[in-house]
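In UniProt numbering, the protein residues as written are 1 to 473.
Even glycine gets a Cβ: it sits at the ideal position worked out from N, Cα and C.
Below you'll find the structure, written out as structure tokens, and then a few comments.
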Amino acid sequence: MGRTLLLKNADILVTMDDERREIENGGLFAEDGMLTQVGPTEELPKTADKVIDATGQIVLPGFVNTHHHLNQTLTRNLPAAQNNNLFPWLQAHYRIWAKTHPEASRNSALVGLAELVLSGCTTVFDHSYLFQSGNKVDYQIEAARDLGVRFHASRGSMSLGESKGGLPPDDCVEEEDDILRDSIRVIDRYHDASPGSMTRIVVAPCSPFSVSEDLLRESARLARDKGVMLHTHLCETLDEERYTLERFGKRPVEWMEGLDWTGPDVWFAHAIHVDDEEIRLFAGTGCGAAHCPCSNMRLASGIAPVKKYMAAGVKVGLGVDGSASNDGSNMLGEVRQAMLLARLQLGLMPPEGPRKHALLPPSHPLRAGEWMTAREALELATRGGAAVLGRDDIGSLETGKCADFFTLDLNTLQFAGGLHDPVAAVVFCCPQGASTTVVNGKVVVDDGQIVTMEMGKVVTDHNRMSLELAAGH
Numbered sequence: 001m002g003r004t005l006l007l008k009n010a011d012i013l014v015t016m017d018d019e020r021r022e023i024e025n026g027g028l029f030a031e032d033g034m035l036t037q038v039g040p041t042e043e044l045p046k047t048a049d050k051v052i053d054a055t056g057q058i059v060l061p062g063f064v065n066t067h068h069h070l071n072q073t074l075t076r077n078l079p080a081a082q083n084n085n086l087f088p089w090l091q092a093h094y095r096i097w098a099k100t101h102p103e104a105s106r107n108s109a110l111v112g113l114a115e116l117v118l119s120g121c122t123t124v125f126d127h128s129y130l131f132q133s134g135n136k137v138d139y140q141i142e143a144a145r146d147l148g149v150r151f152h153a154s155r156g157s158m159s160l161g162e163s164k165g166g167l168p169p170d171d172c173v174e175e176e177d178d179i180l181r182d183s184i185r186v187i188d189r190y191h192d193a194s195p196g197s198m199t200r201i202v203v204a205p206c207s208p209f210s211v212s213e214d215l216l217r218e219s220a221r222l223a224r225d226k227g228v229m230l231h232t233h234l235c236e237t238l239d240e241e242r243y244t245l246e247r248f249g250k251r252p253v254e255w256m257e258g259l260d261w262t263g264p265d266v267w268f269a270h271a272i273h274v275d276d277e278e279i280r281l282f283a284g285t286g287c288g289a290a291h292c293p294c295s296n297m298r299l300a301s302g303i304a305p306v307k308k309y310m311a312a313g314v315k316v317g318l319g320v321d322g323s324a325s326n327d328g329s330n331m332l333g334e335v336r337q338a339m340l341l342a343r344l345q346l347g348l349m350p351p352e353g354p355r356k357h358a359l360l361p362p363s364h365p366l367r368a369g370e371w372m373t374a375r376e377a378l379e380l381a382t383r384g385g386a387a388v389l390g391r392d393d394i395g396s397l398e399t400g401k402c403a404d405f406f407t408l409d410l411n412t413l414q415f416a417g418g419l420h421d422p423v424a425a426v427v428f429c430c431p432q433g434a435s436t437t438v439v440n441g442k443v444v445v446d447d448g449q450i451v452t453m454e455m456g457k458v459v460t461d462h463n464r465m466s467l468e469l470a471a472g473h
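If you want it as structure tokens, here you go:
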């Protein structure tokens, strides 16, 4: 028998399996990072190499973050970008991000990843697309390995500068041959498609307004040749929609479909401004969507039609998005916001269509299926995220899947008075930090603290580099 782990005595263990079992006095047993038993504590082995007593706690599958920009932790709360929508917000940041050097890249990745695991996240996709000043995706991959987080890294890209009709400055973009060459290098060196993989690579051109049609086509061809997934921002703002209509005479989804950017190996960040036909296209082709509610509110981008996606069978996960557009990396907070924002959207747009007045009268009836429930929001962050990333080995706690989970202490101030339904309390009540987070059968957070590395110096160095990079901007 290999390295074993036993968790026992959980007040409730939320499996998110096909039966959506919620097991009282639950537990699990894992060997070499994979679950071999999940069930009542009395049915499990009595000991293991590592034993976690979860008395008084709730256990959930590790969250899956489907969209992030870890390096952006360096520019949280930048004064010049506090009150902007997307395009001017980006223009306030591009040249600062371009100065991200290798030390800053690794450090910012550690900060973002640590914040995520402290909020129950065990698998992270990061969309990096700016590689100047010696920065490489290798530094983020190294950071994730050192911290102990399951990581999907992107070799993203920008190639369309202002002089060619794009949004980014010319000195922030790369040559397309260099982009494709380095993408091949990163895939060949790091991508691991095996079950339980800790590192996978995604090909991820940045956006419709920062890359060329040629690069999008070649990226799709490369990804499919190498068997990796494709990702980009799409339908995030009406400015983007105007850009593709004016430049190509097409809405963003139609334009991407013509570039071979639909299929089960594709997912889009945000996907806010879509119509019913485009939702059907996503469902029919297997495209996924990364819903980023905090960022979408912060930048006034809009509200994604998540309940429509779910009803149509579109794969939907959650993403915290860039730490400069959130300005945090708290997955449990994102779960709560997803539920609340879906309810706000329902109040603004009732089933029968638009109203003359923004808010519904108090008497407007709402059918049960229209509400985003707490358990649905948790499902987006677990099973939903796993499906979006194309993984069948994470997202639930059941035999044969990865031992990725976290616990929350139920006997806290935040949950006091809310334990009529402890599972829903996780979402309805104020988000709190994980007591324990386990990734691949290894403890990364214990008693609410990162245990795989000392974070004090990381934070100190991060604050110093953040101020240095922003100086003069």
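Straight-line gap, N296 to P88 (C-alpha atoms, nearest Å): Taking the straight line joining both Cα atoms gives about 15 Å.
Per DSSP, cross-strand counterpart(s) of V459: Looking at the DSSP output, V459 shares a beta bridge with no other residue.
Look at the Cβ atom of S301, then the Cβ atom of E236, and state whether they are nearer than 8 Å. It is a contact, given that the beta carbons lie within the stated cut-off.
May I have the straight-line CA-CA distance separating A377 from L13, to the nearest angstrom? The straight-line gap from Cα to Cα measures roughly 17 Å.
Return the CA-CA distance between H273 and S197, expressed in angstroms with no decimal places. Cα to Cα, H273 sits roughly 34 Å from S197.
May I ask which residues mark the beginning and end of the alpha helix (DSSP H) holding E240? First-last of the alpha helix (DSSP H) with E240: 238–248.
Measuring alpha carbon to alpha carbon, tell me which of N65, A48, N25, L60 ends up nearest G317. Ranking N65, A48, N25, L60 by Cα distance to G317 puts N65 first.
For T460, count neighbouring C-beta atoms within 10 Å of its own C-beta (all shown protein chains included) and say buried if the count is 16 or more, exposed if not. Classification for T460: exposed.
Residues bridged to V211 (per DSSP): V211 is not bridged by DSSP to any residue.
Less than 7 Å between C-beta atoms, sequence neighbours within five positions excluded: which residues of the same chain meet that for G56? D11, D409, L410, N411.
Which residues in the same chain as H357 place their Cβ atom closer than 7 Å to its Cβ, once the five residues preceding and following it in sequence are excluded? With a pLDDT of 41 at H357, under the threshold of 50, the modelled position of this residue cannot be trusted; read the value that follows with caution. Within the same chain, H357 has no close Cβ partners at all.
In terms of alpha-carbon separation, which member of L299, A269, Y309 lies closest to G284? It is Y309.
On the three-state DSSP scale, how would you describe P88? DSSP places P88 in the helix class (H, G or I) of the three-state scheme.
Using the C-alpha atoms, what's the distance from K401 back to F392? It is worth fixing the name first, because residue 392 is Asp in this sequence and not Phe. Computed Cα separation, rounded: 8 Å.
Closer than 7 Å: L245 CB and nearest the ligand FMN heavy atom: Here there are no bound small molecules, and the ligand FMN is not part of this structure.
Assuming contact is defined by CB atoms lying nearer than 8 Å, are D32 and G441 in contact in what I supplied? For D32 and G441, yes; Cβs fall inside 8 Å.
Give the straight-line distance between the Cα atoms of E277 and H270, rounded to the nearest whole angstrom. Cα to Cα, E277 sits roughly 17 Å from H270.
Could you pull the DSSP bridge partners for A153 from this structure? Beta-bridge pairing links A153 to D126, I201.
Bridge partners for Q37 per DSSP, in chain order? Answer by DSSP bridge pairing, in chain order: F29.
Below 8 Å on the Cβ atoms is my contact criterion, and I expect H68 with G27 to pass it. Report the Cβ-Cβ distance as a whole number of Å. Rounded to the nearest angstrom, the Cβ distance from H68 to G27 is 31 Å, too far for a contact under 8 Å.
So, for L359: in the same chain, excluding its five sequence neighbours on each side, which residues have a beta-carbon less than 8 Å away from its beta-carbon? Annotation note: pLDDT 49 at L359 (below 50); position unreliable, coordinate value reported separately. Here the set comprises G347, L348.
Any 3 or more C-beta pairs closer than 8 Å across the segment 189–196 and the segment 215–223: Touching, no.
Residue of C287, E334, I279 minimising C-alpha distance to K307: Among C287, E334, I279, the Cα nearest to that of K307 is on I279.
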